[in-house]
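Heads up, the first sequence is in my numbering, so the first residue is 3 and it goes up one at a time.
Reviewing the structure listed below.
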Amino acid sequence: MHQCDPQPAINREHVFALVDGNSFYCSCERVFHPSLIGQPVIVLSNNDGCAISRTDEAKALGIKMGDPLHLIKHIVARHRVRVFSSNYALYGDMSARMMHTLAQFTPHMQVYSIDEAFVSLDGFARDGLTEYARTIRAVVRRDTGIPTCVGIAPTKVLAKVANRVAKRRTGSGGVLNMCDAATQDEILDSLPVEDVWGIGARSAATLGTHGVRTAKQLRDHDLDHTQRLLTIVGRRIAMELRGQSCLPLQMIQEARKQIISSKSFGRPVRELDEMLEAVANYVTRAAEKLRGQHSLCHHVTVFVQTNRFQNVPQYYNSGAATLATGTASTVRIIQAAHQVLRGIFRAGFKYTKAGVMLADIRPASAPQFSLFDDQQAHARDATLARTVDAINTRMGRDTLKVATCGTTQAWGMNAKMRTPCYTTRWQDLLRV
DNA sequence: TCTGGGGTCCTAGGACCC
DNA sequence: TCTGGGGTCCTAGGACCC
């Protein structure tokens with residue numbers, strides 16, 4: 003019996019609302035630059051590489067998600083597209099405000115990503131759902147300045163569909179209620195199957211060879227066959243399209259099972275010394291996150307790579323080390339990562355990217371020491387890290403750091419069009 | 001010159017054990 | 001020619017998401 007098989011004995015009706023910020027990063031920029039309203043705006047990925055957020059006006063100019071900036075320069079110039087480097091401190095803070103506002107409506111919500119949340123509307127009167135969603139939208143707009151759309155449906159997958167259609171249909175007022183069967187039929191029939199949440203290009207191609215091209219066709223396809231094609235994941239999606247909820251609201255944010263810090267360099271790196279410095283910085287970020295969720299890691303992976311888009315000598319390598327005792331100590335993890343790096347680094351290449359992954363993550367509350375461990379040393383590590391974190395929280399990131407992180411970071415990333423951190427740094431507060 | 005970063009889940013297959 | 005069977009654990013790779 004599959005865990006998502008229908009359970010007629012219970013047959014509880016759910017209602018999910020998916021609230022999703024429109025062009026979220028661009029909208030954050032607009033909050034602090036009202037002159038951007040009505041203008042084409044894009045926000046770039048790290049190193050000012052690709053467009054990762056676009057307003058409707060920018061989309062209308064043909065700018066696609068992930069388009070490299072240097073390939074759309076002509077559009078940007080001709081139509082005076084306003085371009086911003088990404089400012090994650092600002093977006094993270096705006097996200098927190100949006101989620102805080104949503105939480106005032108119900109404690110039953112799941113923060114799904116930086117710009118969207120599932121909200122449970124179980125138990126609300128069916129005929130008041132759309133109006134209630136309009137209220138939620140209006141309050142988020144009023145209290146944060148962020149425009150949103152809301153999709154309402156009996157399952158998460160359908161709520162995703164409803165949200166997507168609400169964004170596209172002007173006249174929907176930003177809200178679409180897909181609770182009734184007739185609306186579901188109509189919308190799923192006109193939705194390409196690859197636009198369903200969880201169906202990517204590969205799955206869509208597989209389904210296409212069996213004549214399944216729309217969301218409605220996937221919904222009505224034989225479930226066992228769908229599972230043979232797309233594993234249990236596909237079966238769940240198909241069931242959700244039928245209105246049978248298999249993806250529950252996850253209100254608790256579980257601790258991360260892996261933590262990655264990887265970035266392209268602002269310019270190519272050739273020397274081991276610079277690479278050691280970069281890796282030390284990446285470990286510093288990852289270890290901060292690790293301590294932030296009160297975990298220890300037992301495994302660290304390091305990788306280095308050259309520019310895969312250029313016709314130059316290519317090199318990629320990765321290596322890993324196991325930490326006999328779990329640790330969240332920046333110093334200890336840097337030591338391990340540096341040892342791995344020395345093993346995989348080859349001189350003579352122009353490296354453009356490196357990264358660090360922490361894995362085999364376990365709670366710090368129950369550390370397991372090996373027989374020969376110096377437990378007092380680990381306790382000292384923990385105390386040191388706590389002190390450093392406290393100072394950096396108060397005085398700013400990297401006020402205190404490990405010496406191998408260097409001071410110049412000449413390899414660091416570019417962000418030439420970054421707006422100030424209006425909400426998270428005193429010196430960047432708006433003056434009125 | 002210039003092409004993101006950080007996650008999750010599932011499955012298959014190998015190693016190992018009894 | 002025939003070469004056990006069943007279980008667990010781990011890892012790599014695929015697919016997808018925002």
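Using N, Cα and C, we set each Cβ at its ideal position, and we do this for glycine too.
For Asn179, the secondary structure class from DSSP, reduced to helix, strand or coil, is strand. When secondary structure is reduced to three states using DSSP, Cys299 falls in the strand class. Cβ-Cβ separation between Leu231 and Leu220: approximately 10 Å, too far for a contact (criterion under 8 Å). When only Cα atoms are considered, Gly94 and Pro149 end up about 16 Å apart. Across the set Thr157, Lys169, Ala98, the C-alpha of Ala98 shows the shortest separation from the C-alpha of Gly147.
About 6 Å separates the beta carbons of Lys352 and Thr308, which is inside the 8 Å limit, making them a contact pair.
Per DSSP, Cys151 is one residue of the beta strand (DSSP E) stretching across 150-155. Annotation: the continuous alpha helix (DSSP H) that includes Asp95 extends over 90-105. By the neighbour-count definition (other C-beta atoms within 10 Å, threshold 16), Gly345 is an exposed residue.
Contact check between the region 291-300 and the region 253-268: three or more CB pairs, one atom from each, fall below 8 Å, which counts as touching.
For Lys355, the enclosing beta strand (DSSP E) stretches over residues 353-365. Between the region 318-334 and the region 299-308, the count of C-beta pairs closer than 8 Å reaches three or more; the two stretches touch. In the structure shown, Lys169 adopts helical secondary structure according to DSSP, grouped into three states. When the alpha-carbon of Ala164 is set against those of Phe18, Leu73, Asp362, Glu256, the nearest one is in Phe18. With a threshold of 16 other beta carbon atoms within 10 Å, Trp413 meets it and is buried. With respect to Tyr317, Arg348 sits close: the two C-beta atoms are nearer than 7 Å. Residue range 318-329 is occupied by the beta strand (DSSP E) that includes Leu325. With respect to the C-alpha of Arg84, the residue from Gly51, Ser29, Phe34, Gln41 having the closest C-alpha is Gln41. In terms of CA proximity to Ile116, Met100 leads the group Met100, Gly125, His110. When Arg364, Tyr284, Asp22, Met253 are compared, the shortest CA-CA separation from Met415 is found for Tyr284. Here the alpha carbons of Asn24 and Ala280 stand approximately 35 Å from one another. Between the alpha carbons of Ile336 and Ala257 lies a distance of about 22 Å.
If the five residues before and after Ser174 are omitted, its C-beta is found closer than 7 Å to the C-beta atoms of Ala168, all from its own chain and listed in chain order. Per the coordinates, the alpha-carbon of Arg388 lies some 22 Å from the alpha-carbon of Met359. About 6 Å separates the Cβ atoms of Val195 and Ala217, confirming a contact at the 8 Å cut-off. For Gln112, DSSP records a beta bridge to Phe120. According to the DSSP assignment, Lys291 belongs to the alpha helix (DSSP H) that extends over 274-294. Here Arg310 is exposed: its Cβ has fewer than 16 other Cβ atoms, across all protein chains shown, within 10 Å. Distance between Leu46 and Cys30, taken at the CA atoms: about 13 Å. Beyond the five residues adjoining it in sequence on each side, Val78 comes within less than 7 Å, by CB distance, of Val85 in the same chain, given in chain order. When DSSP states are grouped into helix, strand and coil, Pro36 belongs to the helix group.
Apart from sequence neighbours up to five positions away, the residues of its chain that approach Ile201 with a beta-carbon distance below 6 Å are Val195, ordered along the chain.
For Ile65, there is no enclosing beta strand (DSSP E), as DSSP marks it with neither H nor E. Less than 7 Å divides the Cβ of Leu225 from the Cβ of Ala240. One alpha carbon belongs to Ser297, the other to Leu193, and they sit about 42 Å apart. In the displayed model, Leu249 falls within coil according to three-state DSSP, outside both helix and strand.
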